[in-house]
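S.K.: If you're matching positions, the sequence shown starts at 1 in the UniProt record's numbering and goes up one per residue.
C-beta: ideal position from N, C-alpha, C; glycine also.
Just so we're clear, the structure is a prediction, and the values are computed from it rather than from any experiment.
First the structure, then my questions, so here it is.
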Amino acid sequence: MTEQQPVVSIITPVYNAEKLIVETMQSVLEQTYTNWEHLLIDDCSSDNSAEVIKDFSKNDPRIKLISLSENRGAAVARNVGLDKANGDYIAFIDSDDVWAITKLAKQVEFMQTAQLAFSYTDFAFINLSGELIKPSANIPLSLDYHGLLKNTAIACSTVMIDRKQIGNFHMPLVRKGQDTATWLMLMRKYQIKAYGLKEVLNFYRQVPGSISSNRLGALKRTWHTYHQIEELPLWEASYYFTQYVFHAIKRRL
1 MTEQQPVVSI ITPVYNAEKL IVETMQSVLE QTYTNWEHLL IDDCSSDNSA
51 EVIKDFSKND PRIKLISLSE NRGAAVARNV GLDKANGDYI AFIDSDDVWA
101 ITKLAKQVEF MQTAQLAFSY TDFAFINLSG ELIKPSANIP LSLDYHGLLK
151 NTAIACSTVM IDRKQIGNFH MPLVRKGQDT ATWLMLMRKY QIKAYGLKEV
201 LNFYRQVPGS ISSNRLGALK RTWHTYHQIE ELPLWEASYY FTQYVFHAIK
251 RRL
């Protein structure tokens, strides 16, 4: 008898994403790995995002819409998804990103083969129209707590976490930068490394005006993570922040 594939719970916070969410959801539906559930948490969108998701869910019960009654931000939305998730593995995809069709299959195999608790993959940069900006982020093979402070190379849409090893967790309730803060928290709490699968399996969309595309905002967000959330002393926060800036510039060249 063939052993059943472990369930992967995919979590997507959604806010006014009707223009791009179809492509994101289609990339999940086209996965060669089929034992998944896709939890899409609508954060009180004012557009037709919820209706688009409902239409998809009518044709596939693996797609599940969860609607919030008020706008709470991506951290709360992801935490709601984490509470509702039934999977052995947790994966994330943002509402404007796109996966390669082999993303789940290759990453689950990568994690199972080496018994990894936390992994991420390489990713490419695309623009609003889906055109390639940069073919690879050239991720490091692994990152520990101090390595991630120096180089925030883990894109949220590339992450997969083994719940059997990590257990249940929540993201810090901050409006911005909760993903990196979460990876740091998990590494610090469990004394683990994250391991990189050096294959481009996610296409990270740079949307003009988005939180991730605002460079000054990214600098402020990262400094807040280091100094306020991680509570690093000023000199230590300054050291890691300098390293972060260097690697961020290098990654985008």
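Please name the residue in Val28, Glu37, Tyr15 and Glu23 whose C-alpha comes closest to that of Val7.
M.R.: Closest option to Val7, Cα to Cα, is Glu37.
S.K.: Using only the alpha-carbon positions, how far apart do Asp94 and Pro13 sit?
M.R.: Cα-Cα distance, rounded: 7 Å.
S.K.: Please classify Gly177 as buried or exposed, where buried requires at least 16 neighbouring CB atoms within 10 angstroms.
M.R.: Burial call: buried.
S.K.: Pull the bridge partners of Ile202 from the DSSP assignment, please.
M.R.: The amino acid at residue 202 is misidentified as Ile; the sequence shows Asn. DSSP output for Asn202 lists Trp99 and Phe123 as bridge partner(s).
S.K.: Please confirm whether Leu141 and Met187 have their CB atoms less than 9 Å apart.
M.R.: Their beta carbons are not under 9 Å apart, which means Leu141 does not touch Met187 by this criterion.
S.K.: Where do the N-terminal and C-terminal ends of the alpha helix (DSSP H) with Asp179 fall, by residue?
M.R.: Counting along the chain, the alpha helix (DSSP H) containing Asp179 begins and ends at Gln178 to Tyr190.
S.K.: Taking Asp162 and Met111 to be in contact with their CB atoms under 8 Å, please state how far apart those CB atoms are, rounded to whole angstroms.
M.R.: With a Cβ gap of about 6 Å, Asp162 and Met111 count as contacting.
S.K.: What residues in its chain sit with their C-beta under 6 Å from that of Ile53, if we drop five residues either side in the sequence?
M.R.: Cβ neighbours of Ile53 beyond the five flanking positions: Leu40 and Leu65.
S.K.: Buried or exposed: Gln107, going by 16 or more other Cβ atoms within 10 Å of its Cβ?
M.R.: Gln107 should be labelled buried.
S.K.: Pop quiz: Tyr240 and Leu116 are said to be a contact at Cβ under 8 Å. What is the actual Cβ separation, rounded to whole angstroms?
M.R.: About 25 Å separates the two Cβ atoms, so there is no contact after all.
S.K.: Is the distance from the Cβ of Val201 to the Cβ of Ala114 below 9 Å?
M.R.: In the sequence on display, residue 201 carries Leu and not Val. No, the pair does not count as a contact, with Cβ atoms beyond the cut-off.
S.K.: Rounded to whole angstroms, what's the CA-CA distance from Ala74 to Asp43? Just pull it up for me.
M.R.: Rounded to whole angstroms, Ala74 to Asp43 spans 8 Å at the Cα level.
S.K.: Does Trp235 pass the burial test, meaning 16 or more other C-beta atoms within 10 Å, or should it be called exposed?
M.R.: The residue is exposed, with fewer than 16 neighbouring Cβ atoms inside 10 Å.
S.K.: What's the call for Val245, buried or exposed, on a 16-neighbour Cβ count within 10 Å?
M.R.: Burial call: exposed.
S.K.: Indicate the three-state DSSP secondary structure (helix, strand or coil) for Asp55 in the structure shown.
M.R.: Three-state DSSP puts Asp55 in a helix.
S.K.: Let me make sure I understand the geometry here. Which of Thr24, Asn79 and Gln5 has the alpha-carbon closest to that of Leu128?
M.R.: With distances taken between Cα atoms, Leu128 lies closest to Thr24.
S.K.: State the DSSP-derived secondary structure class of Gly196, mapped to helix, strand or coil.
M.R.: Here Gly196 sits in strand by DSSP.
S.K.: Classify Asp162 as helix, strand or coil using the three-state DSSP reduction.
M.R.: Here Asp162 sits in strand by DSSP.
S.K.: Determine the extent of the alpha helix (DSSP H) in which Tyr145 is found, giving its start and end residues.
M.R.: Counting along the chain, the alpha helix (DSSP H) containing Tyr145 begins and ends at Tyr145 to Lys150.
S.K.: So the beta strand (DSSP E) residue 330 belongs to, where does it begin and stop?
M.R.: Outside the shown range of the chain (1 to 253) lies residue 330, about which nothing can therefore be said.
S.K.: Cα separation between Asn35 and Thr225?
M.R.: Roughly 35 Å separates the two Cα atoms.
S.K.: I'd like to confirm the pairing. Which residues does DSSP put opposite Tyr89 in its beta bridges?
M.R.: Answer is Val8 and Asp162, bridged to Tyr89.
S.K.: Between the C-alpha atoms of Glu18 and Gly130, what's the straight-line distance to the nearest angstrom?
M.R.: Whole-angstrom Cα-Cα distance: 15 Å.
S.K.: For Ile126, count neighbouring C-beta atoms within 10 Å of its own C-beta (all shown protein chains included) and say buried if the count is 16 or more, exposed if not.
M.R.: Counting Cβ neighbours within 10 Å, Ile126 comes out buried, since at least 16 surround it.
S.K.: Would you please state the rounded distance, in angstroms, between the beta carbons of Met160 and Tyr89? I believe it to be under 8 Å.
M.R.: The Cβ separation is near 6 Å, so the contact holds.
S.K.: What is the rounded straight-line gap between the Cα of Trp138 and the Cα of Asp96?
M.R.: Here residue 138 is Asn; the residue named in the question, Trp, does not match the sequence. Each residue's Cα considered, the two are about 21 Å apart.
S.K.: Among the candidates Gly87, Phe92 and Ser69, whose CA atom is the shortest distance from the CA of Arg78?
M.R.: Here the closest residue by C-alpha is Phe92.
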